[in-house]
Structure formats: structure tokens, C-alpha cells
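Numbering (our numbering), first residue to last: 468 to 722. We put the CB at the ideal spot given by N, CA and C, even for glycine. Okay, so here's the structure we're looking at.
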Amino acid sequence: MAELCEGEDMKHAPGEKLSWVHMILAHRYQRHMLLTLMDELKNMPPDATADSDAVTKIRGMWKLYHADFKHHAHAEDTIMFSGLKELAEGDEKTKMQEVLDTLAKEHGELGVLEKALQDAFAADFTPENKRTALLDDLRKFAAVYHNHTYDEEHLLLPLAEAIEKGDKKDDAVALQKRVGKYFSSQKELGYGLQAMMELARTHPKDQAIYESSMSWFLRGPITFMTGFSGTSHEFHKLFPAPKEPIEAAFTAALQ
């Protein structure tokens with residue numbers, strides 16, 4: 468399994484502007500969501516019933532994570548991956564295709580696991596054997612997701628950044644804006660920037676990169692306004708901000 472250390476998977480100097488930084492920080496908070504969900508399921512009261520508050524909370528956590536995951540994968544499949552494929556040239560085009568083929572295969576694996584989880588969370592998972600099986604399946608999904616996002620950050624993003632340094636910089640920036648526009652149009656993901664900010668605060672390197680990702684005059688007001696959305700309140704109720712970096716804990720939870 469790919470081993471992630473705090474800040475290690477962003478090999479950039481503090482304060483350096485990183486392309487696709489919001490995608491990487493979205494991976495951060497999605498790992499936080501999965502880790503929190505696994506902990507909640509593991510610690511569910513043994514006498515919980517199908518209509519208990521504990522089960523309702525767990526289903527709410529899965530529902531929020533699932534929506535985020537689906538939108539993230541959709542934006543990659545329909546906008547980001549195809550856009551980068553079109554922009555790559557020469558030898559980089561061959562490398563890009565190889566990486567995209569790998570990521571598409573991983574998306575397929577995740578899709579199968581995600582469908583099974585969707586069915587399992589909708590069913591009664593309160594019996595001990597059902598809960599244990601669900602937790603095992605959730606860990607399996609999280610492990611594939613973990614390796615997939617590692618591949619995106621280590622294989623795909625270096626190629627994407629290389630494009631930005633070439634003649635197609637403007638096209639690459641425009642592609643990022645298209646992805647950003649898609650996410651900003653999804654009201655149920657209104658907590659996104661706040662979640663990124665909270666995860667970035669747990670590590671100085673991530674904090675510096677996040678702060679360089681956009682002007683404070685944009686970041687501050689946008690983050691403030693999205694804090695009033697219903698999904699933002701729901702997110703913070705179900706997934707309290709971590710006090711420490713989560714990468715090591717997330718990796719350990721998959722062992």
C-alpha cells in the first residue's frame with residue numbers, strides 16, 4: 468500500500484503555488500471523512516437498532532461522503548482526464564494515456580466497491596456479523612481509494628504541471644477553472660473550501676500551499692459565506708475538524 472507521510476505527497480516548497488491544490492486538499496478531507504466514518508462504525512453501540520440515532524448518524528455520514536466521492540469522480544472522468552489528454556503532446560501524451568488508463572481502471576474498481584457499500588448502508592447492518600462485514604468492505608474501499616489518490620497525486624499531477632509550464636499554460640489554467648466551476652455549482656458540496664482549510668491547518672506545509680492557492684480577498688469571503696450553507700453545518704456536525712494531521716492515522720486504519 469502507498470505510504471503517505473504528512474506533507475510528503477506534496478513535494479513543493481512552503482508557499483509555492485501548486486497546480487490542482489484544491490484537488491489534493493479534497494483528497495485530504497475525503498480521507499478524513501472515511502477515517503471518521505470507519506471509527507464511528509467500529510464504535511457503534513453493540514445494542515444499536517436499525518432505527519437508532521447511531522445508525523441514522525452513520526448513514527448520514529456515508530450519504531455525505533458518497534455524494535462528495537461521486538461528484539469528484541464525475542469531474543475527473545468528464546472534465547479533467549479528457550482535458551489533460553487533449554493538452555498533452557509528444558512523449559508526454561503517451562505517458563498521460565498510460566496514467567489515465569491506470570486511473571480509469573481504478574475508478575472501475577472503486578465503482579464496484581462503492582455500489583456494494585451503497586446497498587450495505589441502506590440495509591440493516593446492526594447484527595454483529597453484518598457490521599463487521601461492512602467495516603471490512605469499507606476498509607477495502609478506503610484502501611483502493613487511498614492508492615488511487617496517491618496515483619493521481621504522484622503520476623498524473625506532475626504531468627499536468629508540466630503542461631502548465633509549456634505553451635498550453637492558458638489552456639491548462641482554463642481546464643482547472645472548468646473543474647472549479649463544476650464543483651462550485653454543486654450546492655451540496657458547499658462545505659468544500661472550509662473542509663480544505665481545516666485540513667490544511669493541521670500541517671504547516673499544506674497551510675502554506677492552501678493560502679497560496681488563491682488571493683485572501685477571494686478565499687476569505689468565499690469561505691465565510693459557504694460556512695452558512697446547510698451542508699456546511701451538516702458536514703461539521705458529522706465530521707468535526709481534526710486536531711492533528713490525519714494521513715498517518717488513515718494509513719494505519721487500513722492495515
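Go to Glu565, then tell me how far its alpha helix (DSSP H) extends in each direction, as first and last residue. Element bounds for Glu565: Gly557 to Ala589.
With DSSP collapsed to three states, give me the class of Leu626. It is helical.
Does the Cβ of Ala590 have 16 or more other Cβ atoms within 10 Å, making it buried, or fewer, making it exposed? Classification of Ala590: exposed, given that the 10 Å Cβ count is below 16.
Through-space distance from Asn614 to Asp476, alpha-carbon basis: With a pLDDT of only 45 at Asp476, under the threshold of 50, the placement of this residue in the model should not be trusted; the figure read from the coordinates follows. So the alpha carbons of these two residues sit roughly 12 Å apart.
Between the segment 628 to 640 and the segment 520 to 537, can you find at least three pairs of beta-carbon atoms closer than 8 Å? The answer is no - the segment 628 to 640 does not touch the segment 520 to 537, with fewer than three Cβ pairs under 8 Å.
Measure the C-alpha to C-alpha separation of His499 and Lys562 and round it to an integer number of angstroms. Using only the alpha carbons, I get a separation of about 31 Å.
Alpha carbon of Leu551 to alpha carbon of Lys509, nearest angstrom: So the alpha carbons of these two residues sit roughly 40 Å apart.
So is Ala480 buried or exposed if we call it buried at 16+ other beta carbons inside 10 Å? Below a pLDDT of 50, predicted positions are generally treated as unreliable, and Ala480, at 35, falls in that range; the measurement from the model is reported next regardless. The residue in question, Ala480, is exposed, as its Cβ has fewer than 16 Cβ neighbours within 10 Å.
Which two residues bound the contiguous alpha helix (DSSP H) that contains Gly527? It spans Asp520 to Ala542 - the alpha helix (DSSP H) in which Gly527 sits, taken as one unbroken run.
With a threshold of 16 other CB atoms inside 10 Å of the CB of Glu714, please say whether the residue is buried or exposed. Buried.
Gln661 (DSSP reduced to helix, strand or coil): Helix at Gln661.
What did DSSP end up calling Ala639 once you bin it into helix, strand or coil? Taken through DSSP and simplified to helix, strand or coil, Ala639 comes out as helix.
Could you say which of His700, Glu631, Glu619 and Glu655 lies nearest to Ile491 if we only look at CA atoms? Shortest Cα-Cα distance from Ile491 to any of His700, Glu631, Glu619 and Glu655 involves Glu619.
With respect to the alpha helix (DSSP H) encompassing Glu655, which residues constitute its N-terminal and C-terminal limits? Run containing Glu655: none; DSSP gives neither H nor E here.
Could you check what DSSP says for Asn510 in three-state terms: helix, strand or coil? DSSP, read as helix, strand or coil, puts Asn510 in coil.
So for Ile491, helix, strand or coil by DSSP? Residue state, collapsed to three classes: helix.
Given Thr503, which residues of its chain have a CB within under 6 Å of its CB, disregarding the five upstream and five downstream residues? Cβ neighbours of Thr503 beyond the five flanking positions: Phe706.
What span of residues does the alpha helix (DSSP H) with Leu721 cover, start to end? If you look at Leu721, you'll find it isn't in any alpha helix (DSSP H); DSSP assigns it neither H nor E.
Three-state secondary structure (DSSP) at His670? Residue state, collapsed to three classes: coil.
Taking the straight line between their C-alpha atoms, what separation do you get for Leu554 and Lys632? Going by C-alpha positions, Leu554 is about 12 Å away from Lys632.
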